[in-house]
Amino acid sequence: MKTRIAPKNNLCGALVRGSLAMLLGLGASLVLGADAADSEKRGSAQPKEFNNWVDLSVGGYFVNGDAAQMQRRLGVKRGAFGGIESLHMEYELAKKTTLKIDGRGLFDLHDYALNLDLTKEDLGFVRAGYREYRTWHDGTGGYYPGNQQWFTVPNDRLFLDRGEIYFEAGLRKPDVPEITIRYEHHFREGQKDSTSWGDTTLTGLTTGTTTRNIVPSFWDIDEERDVFAVDAKHKFGKTGVGLGLRWELGDLNNARQVHRRPGETQDRYLTHREGIDSDIFNVHAFTETRFSDQWLLTSGGSYTALDTDLSGRRTYGPGYDMYD
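One point on numbering: in this note's numbering, the residue at position 93 of the sequence shown is 1035, and numbering is uninterrupted.
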């Protein structure tokens, strides 16, 4: 069987991961330097208090057997991996202004994270971050014991990458309404196994039903979701009032890839593609009035509008996503 195993190249993801590696390395150097300088200022007689740290990890698995099943069960990659398990850096840029950096980068596990937090007391904050991790799947099909029939794909170690990029800013000034804006981009890309297997008659049976569904199939996953949100809160005397807006755009383009009757005269590939484009808008508001420790009056309302377009096709051909 022939199949595509690697997901599409994501230039944006590659650039982010490369920048993340540079930032984590720079962060590790700054962390060590900042703590060393801080230690010198206090002197050896004073107890040391470290606000910054770097945890390094190295590991690996050596497999004798089904590597795809091992990766799926344990959620790790076969072979060696390692990198920065956890990094935290905290630095006071100015009076009441703090920068925090948290990161993670386990290479060959495709486990990356970077969070930046710039906060100024009595004014507000700005936050941004990136998170990506990988899950592994087994593309092996079924087994028919009658004639020991077995089908598989050339590389059954499938994987699926999930991630998120976000930006958030908030105004937290006294006697001014609290305002928070946030943007999120979520994605899911790669391949995972499916339980809707293809059929074969190469079972050695001559009577009755000779067809068995044991030929492996898999999903091509390509999903993106963007979320925009604005929230505001303020207090008028004893009454707190809040208003929020949320707009979400989704684009899902997935395909189940099935190989039917491999090695037979009816050998063909089936692609069952499903698309969903969604547009969700929500506005919500609430009030909260406290008369005493025992009495509290709350009210709220929400309105949501949903617009969805469904699409899809089913094609047969000499290969996946090919017409005959």
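Think of the CB as a built atom: it goes at the ideal place given N, C-alpha and C, for glycine as much as any other residue.
Alpha carbon to alpha carbon, what distance is there between residue j and residue i?
i     : j     : result
K1134 : S1159 : 9 Å
D1266 : F1109 : 46 Å
S981  : N993  : Interpretation of S981 is limited by its pLDDT of 49, a score under 50 that renders its predicted location unreliable; no figure is taken from the coordinates.
G1150 : R1202 : 20 Å
H1128 : D1221 : 15 Å
G1198 : S1253 : In the sequence on display, residue 1198 carries Arg and not Gly. Their backbone Cα atoms lie some 14 Å apart in a straight line.
E1216 : S1028 : 39 Å
L1144 : T1094 : 14 Å
F1004 : G1024 : 15 Å
V1183 : A1227 : 8 Å
A1055 : R1073 : 4 Å
H1052 : V1225 : 37 Å
P1260 : Y1075 : 34 Å
T1213 : T1137 : 15 Å
D1141 : P1204 : 8 Å
P1116 : G1066 : 10 Å
E1063 : L1194 : 41 Å
V1172 : W1189 : 9 Å
T1240 : T1229 : 6 Å
Y1262 : P1096 : 15 Å
E1126 : R1069 : 12 Å
G1243 : V1169 : 21 Å
S999  : G1088 : 47 Å
A1174 : A1022 : 48 Å
W1092 : N1196 : 27 Å
D1235 : R1114 : 26 Å
Q1208 : Y1258 : 11 Å
T1039 : G1084 : 60 Å
R1014 : E1166 : 24 Å
I1107 : L1041 : 19 Å
T1152 : F1223 : 52 Å
Using the beta-carbon count (16 or more within 10 Å), is residue i buried or exposed?
i     : result
M1264 : exposed
F1101 : buried
R1099 : buried
Y1245 : exposed
D1251 : exposed
L1016 : exposed
R1256 : exposed
L1248 : exposed
V1118 : exposed
L1048 : buried
V1200 : buried
G1105 : buried
W1139 : buried
W1161 : buried
Along the alpha helix (DSSP H) that carries residue i, what are the first and last residues, could you check?
i     : result
R1203 : It is not in any alpha helix (DSSP H) - R1203 carries neither H nor E in the DSSP assignment.
M1012 : A1009 to L1016
For residue i and residue j, which I take to be in contact (beta-carbon distance under 8 Å), what is that distance rounded to the nearest angstrom?
i     : j     : result
R1154 : Y1086 : 5 Å
I1218 : G1192 : 7 Å
I1163 : R1130 : 6 Å
D997  : K1019 : So it is not a contact: roughly 20 Å between Cβ atoms.
R1232 : K1177 : No, R1232 and K1177 are not in contact; Cβ-Cβ is about 10 Å, not under 8 Å.
L1058 : G1071 : 7 Å
I1026 : G1001 : At roughly 13 Å, the Cβ-Cβ gap does not stay under 8 Å, so I1026 and G1001 are not in contact.
D1103 : G1146 : Not confirmed; about 40 Å, so no contact.
Can you name the start and end residues of the beta strand (DSSP E) that residue i belongs to?
i     : result
Q1133 : E1120 to T1142
S1244 : L1238 to G1259
T1061 : D1053 to K1062
Y1262 : Here Y1262 belongs to no beta strand (DSSP E), and DSSP marks it neither H nor E.
K1042 : T1039 to F1049
G1071 : G1066 to D1080
L1035 : G1021 to A1036
L1113 : R1099 to L1113
V1005 : V1005 -> no beta strand (DSSP E), and no H or E assigned at all.
L1212 : R1210 to R1232
D1162 : R1154 to F1178
For chain C, check one thing: does any of its Cβ atoms lie closer than 9 Å to the Cβ of residue i?
i     : result
D1117 : Included in the structure is just one protein chain, with no chain C present.
Can you confirm whether the segment 994-1012 touches the segment 1071-1082 when touching is taken to mean that 3 or more C-beta pairs between the two stretches lie within less than 8 Å?
Touching, per the Cβ criterion.
Any contact of the segment 1108-1124 with the segment 1020-1035, i.e. 3+ C-beta pairs under 8 Å?
Cβ pair count under 8 Å is below three, so no.
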